[in-house]
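Before any comments, here is the structure.
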Amino acid sequence: MEKMFCFQCEQTAQSKGCTVQGVCGKTSDTANLQDELTSKTIEFANCAQFNECNTKLIIKALFTTITNVNFDDDSIKKLIKEMSDKISCDISFDIKSVWECDEDIRSLKSLILFGLKGMAAYAYHAKILGFSDEAVDKFFYEALKEISKNSSAEELLSFVLKTGEINLKCMELLDKANTQTYGTPVVTKVSTNIEPGPFIVVTGHDLHDLALLLEQTEGKGVNVYTHGEMLPCHAYPQLKKYSHFKGNFGTAWQNQQKEFANLPAPILFTTNCIMPVKDSYADRVFTTSIVRFPGVQHIGEDKDFTPVINKAIELGGYKELTKMTGINGGDILTVGFAHNTVLSIADKLIAVIKSGSVKHIFLVGGCDGAKVGRNYYTEFVKQTPKDSLILTLACGKYRFNDLDLGEIDGIPRILDMGQCNDAYSAIKVATELAKAFNCSVNELPLSFVLSWYEQKAVCILLTLLYLGIENIMLGPTLPAFVSPNVLNILVEKFKIKPVTTPEKDLKEVLG
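Residue numbers for the sequence shown follow the working numbering, so the first one is 502 and each next one is one higher.
Right under this line is the structure:
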């Protein structure tokens, strides 16, 4: 087996890098093909004309190389060929030259590249809905060219922050795409119980695919349930209007092999967060869009979900009501606290802060994962004072989103702001609160306690750094691709710190 090198996710081997096989399940062959695709994408960006067709190809290629998106060698080879056939200049670039260069240069270029991959996911979802931003699109070319240059550490650090700046535009674009297409999220209670009869479980992130599935299943006696990052979809008016859009099945992505093993229903993967598919449920897995796994049925660009629907009818679902819970035993999950919803009660929120009813706000969010230590976030939230609020987003919330922590003057203590794709909501609320109190975000009684796993988390972090947010607590481990010198810069300039224990971190935050 050919050797590989990959250190782009939090679970990378020994917190250094996967060199034989990816902890995510990727073989070395697949990892090396993804490196080849990345190299070709950088070559292509250096000579391609800026237009919509070329931009879509670049975004698709970058999204394909995100952790837990594509495990299918044939589809990656096809994309490499498509990219190679369109390269019209003599430039040659090998991404391995980045992995093997000076560790600080490697670290800074990795921050740009991985942030760019995460941004590509956001841009992809927006384009599916017909929304684009020229500044965002052009930046993909600019940033990929920068990775191929012999820039200094100072130049690269500046570009790292620029990546965060452009990602803010991209997240705002996606927020606009989702809300203008499917309506502004409204507070919605979602059941974890599964009704009897045929059903489909939809996982991933793509609202458009879910909307198409709901249209195609309407009136066919097949219910639809979300899984993982699709949970917040229940809050969108144009999706929740379907009576057969029932509730949420299971928890976060890393539990899917256990949760799907005996499931009497098909699973549709719409984007990233697929784990290696076990034989016990492979015949029930369907992929579409960017996500691929060898040996499972893929729904093409025609988006005809008939095979998924037929499989649901064939399997029949559960015979009777099946009661399920979150990891803490709760069976109701409340979603819909996007920025428009939270800011609609801004006066009330400001009043409870000024009165002292709310003394602190914690943003506890980010990716979940399988590594030991992520129960930190459950314990942290459980131990937060009763006069504090918890904003949350992304799949890390499954560690605590079924807890009943009560309310403060009618405001729930846990406010679910959506997917990792909805990080813009948290940023928007923080900046609007700062305006209301005539101070900086860093002067608010607000603490960021973040968990990360893959590259979308990287671009969100870069945006927070661009905005000058300080004292971010990051875990469960720090990125392997950040060198000691670059980490020192982040610590000195932005006061980033690793999480320790809930007790110690809460004591430090609350002073």
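Even glycine gets a Cβ: it sits at the ideal position worked out from N, Cα and C.
C-alpha gap between residue i and residue j, whole angstroms
i: phenylalanine 572; j: lysine 1008; result: 43 Å
i: cysteine 519; j: valine 570; result: 17 Å
i: threonine 879; j: glycine 827; result: 12 Å
i: glutamate 993; j: threonine 664; result: 20 Å
i: glycine 911; j: isoleucine 560; result: 43 Å
i: leucine 947; j: alanine 636; result: 31 Å
i: glutamate 553; j: threonine 531; result: 28 Å
i: isoleucine 800; j: phenylalanine 761; result: 19 Å
i: threonine 693; j: leucine 834; result: 8 Å
i: alanine 895; j: threonine 727; result: 14 Å
i: histidine 915; j: aspartate 832; result: The question names histidine, but residue 915 is isoleucine in the sequence shown. Each residue's Cα considered, the two are about 15 Å apart.
i: threonine 932; j: glycine 969; result: 11 Å
i: glutamate 1004; j: alanine 839; result: 29 Å
i: glutamate 673; j: lysine 929; result: 9 Å
i: lysine 557; j: alanine 852; result: 46 Å
i: glutamate 537; j: phenylalanine 506; result: 12 Å
i: aspartate 634; j: aspartate 923; result: 17 Å
i: isoleucine 990; j: valine 983; result: 10 Å
i: leucine 630; j: leucine 890; result: 33 Å
i: lysine 898; j: glutamate 955; result: 16 Å
Beta-carbon proximity check, residue i vs residue j, cutoff 8 Å
i: threonine 842; j: valine 687; result: yes
i: phenylalanine 750; j: valine 797; result: no
i: proline 697; j: tyrosine 819; result: yes
i: alanine 736; j: glycine 867; result: no
i: serine 926; j: aspartate 676; result: yes
i: lysine 936; j: glutamate 971; result: no
i: lysine 610; j: isoleucine 648; result: yes
i: alanine 678; j: alanine 624; result: no
i: cysteine 960; j: asparagine 668; result: yes
i: aspartate 710; j: serine 585; result: no
i: threonine 568; j: glutamine 509; result: yes
i: glutamine 512; j: glycine 870; result: yes
i: leucine 725; j: leucine 715; result: The residue asked about is misnamed: residue 725 is valine in this sequence, not leucine. The answer is yes: Cβ separation under 8 Å.
i: asparagine 829; j: alanine 622; result: no
i: leucine 979; j: leucine 988; result: yes
i: glutamine 755; j: lysine 779; result: no
i: threonine 712; j: leucine 740; result: The residue you asked about is not threonine; residue 712 is alanine in the sequence shown. For alanine 712 and leucine 740, yes; Cβs fall inside 8 Å.
i: leucine 906; j: isoleucine 862; result: no
i: cysteine 734; j: leucine 708; result: yes
i: asparagine 651; j: isoleucine 592; result: no
i: phenylalanine 594; j: glutamate 544; result: yes
i: isoleucine 768; j: arginine 785; result: yes
i: threonine 771; j: threonine 704; result: yes
i: alanine 644; j: isoleucine 606; result: no
Bridge partner(s) assigned by DSSP for residue i
i: cysteine 519; result: Cys507
i: serine 952; result: Gly867, Gly976
i: arginine 453; result: There is no way to answer for residue 453, as the model of the chain reaches only from 502 to 1012.
i: glycine 698; result: Tyr819
i: leucine 916; result: Leu892
i: tyrosine 726; result: Val702, Gly748
i: valine 930; result: Looking at the DSSP assignment, valine 930 forms no beta bridge with any residue, so it has no partner.
i: valine 786; result: Ile768
i: isoleucine 833; result: Ser692
i: histidine 861; result: Ser889
DSSP-derived helix/strand/coil call for residue i
i: phenylalanine 564; result: helix
i: serine 692; result: strand
i: glutamate 802; result: coil
i: proline 765; result: coil
i: aspartate 905; result: coil
i: isoleucine 990; result: helix
i: lysine 998; result: strand
i: leucine 715; result: helix
i: leucine 947; result: strand
i: valine 637; result: helix
i: leucine 1023; result: Missing from the structure shown is residue 1023; the chain here goes from 502 to 1012 and no further.
Environment of residue i [buried if 16+ CB atoms lie within 10 Å]
i: lysine 541; result: buried
i: lysine 578; result: exposed
i: threonine 539; result: buried
i: proline 738; result: exposed
i: glutamine 884; result: exposed
i: lysine 504; result: exposed
i: asparagine 902; result: buried
i: phenylalanine 641; result: buried
i: serine 952; result: buried
i: valine 859; result: buried
i: alanine 562; result: buried
i: cysteine 881; result: Note on identity: in this sequence residue 881 is phenylalanine, with cysteine being the wrong assignment. By the 10 Å Cβ count, phenylalanine 881 comes out buried.
i: threonine 718; result: buried
i: threonine 964; result: buried
8 Å Cβ cutoff, residue i in contact with chain C
i: glutamate 553; result: Among the protein chains of the structure shown there is no chain C, as only one such chain exists.
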